[in-house]
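In our numbering, the protein residues as written are 308 to 559.
All C-beta atoms, glycine included, are put in the ideal place defined by N, C-alpha and C.
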Amino acid sequence: MRKKIVAGNWKCNTTVKEGVELAKSVNELVLTSGAKDVVVVLGAPFTHLTSIVEAVDADRIDVSSQNCAAEPKGAFTGEVSASMVKSTGATYVILGHSERREYYHETSVTLNKKLTQVLEQGLTPIYCCGEALAIREAGTQNEYVKQQLDETIFLLPSEQLLKLVIAYEPIWAIGTGVTASTQQAQDMLSFIRGLIANKYNKEVAEEISILYGGSCSPSNAKDLFSQPDIDGGLIGGASLKAPDFLAIINAY
Ligand code: PGA
308 MRKKIVAGNW KCNTTVKEGV ELAKSVNELV LTSGAKDVVV VLGAPFTHLT SIVEAVDADR
368 IDVSSQNCAA EPKGAFTGEV SASMVKSTGA TYVILGHSER REYYHETSVT LNKKLTQVLE
428 QGLTPIYCCG EALAIREAGT QNEYVKQQLD ETIFLLPSEQ LLKLVIAYEP IWAIGTGVTA
488 STQQAQDMLS FIRGLIANKY NKEVAEEISI LYGGSCSPSN AKDLFSQPDI DGGLIGGASL
548 KAPDFLAIIN AY
C-alpha cells in the first residue's frame, strides 16, 4: 500500500518563533486527532528546521526543507547543502517547485544535480511538476509534464525512483484559489502513474505516492483525496493555519 502524505509548504513565511509555534500546534492537533494513516510533513524555511525537528514528535511528524544546493559543499555563498539539511534532522526536501523554476531559473540540469544530492543523503525528494495556464489552455499539459519528468526523475533507475514522492502542481492553481477540478487532478495523476508503468513497470507505478497541490483546502481535500491516484497533497496557504492543515489531514 502506498503512503498517503499531506505535506505543508510554508514557503517564505513565519519567523523561527512563529514557525515553531505553528509546528507545535500541528503536532498537538495531529496527536490528539488520531489521524494515524497519513504521513504529515512540514516544509519549513532552512532557518527553522533544527528547531522544528526538536519541537515535534519525530515518530509522527516529518520535517522538510523547500530546496537544497546542487553541489555537496564548497564556495557557493548562501547555499544550503543536502547534507546540511540532513544534519538538522529533516528527512524530506521539496525539489523543483514551480516558484523555484520560475523565479530562480531552476532547470532540469540543476534539478538532476539536486536530486543526486538529496538521494545520496538518504533524504526523500518531493519532486514537483506542473504546467502554466497557457499550456493548460492549449491542451498540451500531458506532453509538458511528461517532458519535465523525462528530463529528470525518469532518468533514475527504479530503485531510486521508488524513493521519491511526486507532486503535481498546476501553476494556475497555486495560491490562486482556483483548484484543479477533482477530475483534472485525477486525470493528470493517473497519466503520470501510467508513464511510470510504461517506463518502469506496474509494480513501481503502484508504489509511488503522487500528490496534488494547488489551492488545496479543507473544503476540497476530501473530494481530491477520494480519487484512486491522488495520494495526498502539497499544501501552501492552508498549511500556515494549524486547524486548516489538520482538516486537510483529516480529509482522509
Ligand atoms: P497553495 O500552494 O496551496 O497555496 O496553492 C501550493 C504549493 O505551492 O505547494
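Can you tell which of L547, A342 and P525 has the C-alpha that lies nearest to the C-alpha of P352? Residue numbering aside, residue 352 sits at position 45 when the sequence shown is read from its first letter. Nearest of L547, A342 and P525 to P352, Cα basis: L547.
Where does N316 sit, in a helix, a strand or coil, going by DSSP? Here residue 316 refers to the residue found at position 9 of the sequence shown. DSSP places N316 within a strand segment (E or B) once states are collapsed to three.
Report all residues from its chain with a CB closer than 6 angstroms to the CB of Y434; omit the five preceding and five following residues, and keep chain order. As a first step, residue 434 must be located in the sequence shown, where it is residue number 127. So the qualifying residues of the chain are L402, G403, I460, L471 and I473.
Can you tell me where the alpha helix (DSSP H) holding Y411 begins and where it ends? By 1-based counting over the sequence shown, the position of residue 411 is 104. Taken as a continuous stretch (DSSP letters only), Y411 belongs to no alpha helix (DSSP H), as it is neither H nor E.
Would you check whether ligand 1 has a heavy atom nearer than 7 angstroms to the C-beta of E476? For this step, residue 476 is matched to residue 169 along the sequence shown. Checking every heavy atom of ligand 1 against the Cβ of E476, one is found closer than 7 angstroms.
Given the structure, does I460 come close to ligand 1, in the sense that its CB is under 7 angstroms from one of the ligand's heavy atoms? Position 153 of the sequence shown holds residue 460. Because no heavy atom of ligand 1 lies under 7 angstroms away, the Cβ of I460 does not count as near it: no.
Under DSSP, the beta strand (DSSP E) around G326 begins and ends at which residues? Looking up residue 326 in the sequence shown gives position 19. Looking at the DSSP string, G326 is not in any beta strand (DSSP E); the run it does join, the alpha helix (DSSP H), is V323 to S340.
Per the contact definition of three or more C-beta pairs closer than 8 angstroms, is the segment 332-348 in contact with the segment 375-392? no
Could you check where the alpha helix (DSSP H) with P550 kicks off and where it finishes? Counting from 1 along the sequence shown, the entry for residue 550 is found at position 243. That run of the alpha helix (DSSP H) goes A549 to I556.
Straight-line gap, Y475 to T483 (C-alpha atoms, nearest Å): Translated into positions along the sequence shown, residue 475 becomes position 168. Translated into positions along the sequence shown, residue 483 becomes position 176. If you take the alpha carbons of Y475 and T483, they lie about 16 angstroms apart.
Please classify L469: does DSSP put it in a helix, a strand, or coil? Here the question's residue 469 lines up with position 162 in the sequence shown. Note: L469 maps to coil in three-state DSSP.
Run through DSSP, which three-state label would L463 get? The residue labelled residue 463 in the question sits at position 156 within the sequence shown. Coil, per DSSP.
In angstroms, rounded to a whole number, what distance separates the CA positions of L422 and T414? In the sequence shown, the residue the question calls residue 422 occupies position 115. In the sequence shown, the residue the question calls residue 414 occupies position 107. Going from the Cα of L422 to the Cα of T414 covers about 12 angstroms.
Would you mind stating whether S371 and V400 have Cβ atoms separated by less than 8 angstroms? Position 64 of the sequence shown holds residue 371. Position 93 of the sequence shown holds residue 400. Yes. Within cutoff.
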